[in-house]
Amino acid sequence: MSAAQQSQGQQVINIADLDIAQLGEIKKQLEEELNHLTSSFAKLKQAQGKFKACVQNVKDVKPDNADKTILVPLTNSLYVPGKLTDTKYVIVDVGTGYYVKKTREQAQKYYEAKIDYLQTNLVKLEDTINRKRENMSMVVNVIQQKVAAAASSAGPAGQKKS
Numbered sequence: 042m043s044a045a046q047q048s049q050g051q052q053v054i055n056i057a058d059l060d061i062a063q064l065g066e067i068k069k070q071l072e073e074e075l076n077h078l079t080s081s082f083a084k085l086k087q088a089q090g091k092f093k094a095c096v097q098n099v100k101d102v103k104p105d106n107a108d109k110t111i112l113v114p115l116t117n118s119l120y121v122p123g124k125l126t127d128t129k130y131v132i133v134d135v136g137t138g139y140y141v142k143k144t145r146e147q148a149q150k151y152y153e154a155k156i157d158y159l160q161t162n163l164v165k166l167e168d169t170i171n172r173k174r175e176n177m178s179m180v181v182n183v184i185q186q187k188v189a190a191a192a193s194s195a196g197p198a199g200q201k202k203s
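Sequence positions in the sequence shown follow the numbering used here and run 42 to 203.
Here it is as structure tokens:
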């Protein structure tokens, strides 16, 4: 056991010493964790995509586009026509119902920082997912070995003992 595991109160258990039922429970737990982690990964990727779209939208607000007619979304499927009057400032949703007026450059930096932050978390999460997948693979291999060993020790199927 490593010093880090001892300090965290963790115990190292050889999975080969566990029975099939215990391995099945571990497999089930790993599957649940993997489902949760991959769902979180997908949601973070989606959020990152939205921030990337925001960066592009901020870039599209140029002085050349002043006084041009645009469609302003009221909902996901309802728009009204509007005119772009101020191309220097944009209003940024910073979360929980708060909006901040920023220059286009400030808004772009804000969204790029969000993208970078999510990328860092995505890399960490991907590493965690890969470790969980490796653990799952090891557990499945041990289960298969134990089932095969149990089947071979039970003797050939279909033979009657005299």
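By construction, the Cβ of each residue, glycine as well, lies at the ideal position given by its N, Cα and C atoms.
Under 9 angstroms between C-beta atoms of residue i and residue j
| i | j | result |
| --- | --- | --- |
| Ala106 | Thr128 | Looking at the sequence provided, one finds Asn at residue 106 rather than Ala. Yes, these two residues count as a Cβ contact at 9 angstroms. |
| Tyr158 | Val133 | no |
| Ile156 | Val96 | yes |
| Val183 | Leu85 | no |
| Thr137 | Lys124 | no |
Proximity winner among the options, relative to residue i (alpha-carbon distances)
| i | options | result |
| --- | --- | --- |
| Asp101 | Asp134, Gln185, Tyr130 | Tyr130 |
| Ala206 | Pro122, Asp108, Ala88 | Coverage of the chain is limited to positions 42 through 203, which leaves residue 206 absent and any answer about it impossible. |
| Leu75 | Met179, Thr169, Gln185 | Thr169 |
| Arg172 | Ala57, Ala190, Leu71, Gly65 | Leu71 |
| Gln160 | Lys68, Gly90, Asn98, Tyr120 | Gly90 |
| Glu146 | Asn117, Lys109, Thr110, Val99 | Val99 |
| Lys69 | Gln186, Asn176, Leu166 | Asn176 |
| Lys93 | Val141, Glu167, Gln149 | Gln149 |
| Lys103 | Gln52, Gln186, Glu167, Thr144 | Thr144 |
| Lys187 | Ala83, Tyr139, Asp60, Glu73 | Asp60 |
| Thr126 | Leu115, Asp108, Tyr120, Val135 | Asp108 |
| Asn162 | Ala83, Leu115, Val53, Tyr139 | Ala83 |
Buried or exposed by the 16-neighbour rule on C-beta atoms within 10 Å, applied to residue i
| i | result |
| --- | --- |
| Val180 | buried |
| Ile67 | buried |
| Ala57 | exposed |
| Ala191 | exposed |
| Ala62 | exposed |
In chain order, which continuous runs of the beta strand (DSSP E) of length 3 or greater are located wholly inside the stretch 127 to 196?
130 to 136, 139 to 144
Give the list of continuous alpha helix (DSSP H) stretches no shorter than 4 residues that lie fully inside the stretch 46 to 130.
61 to 101
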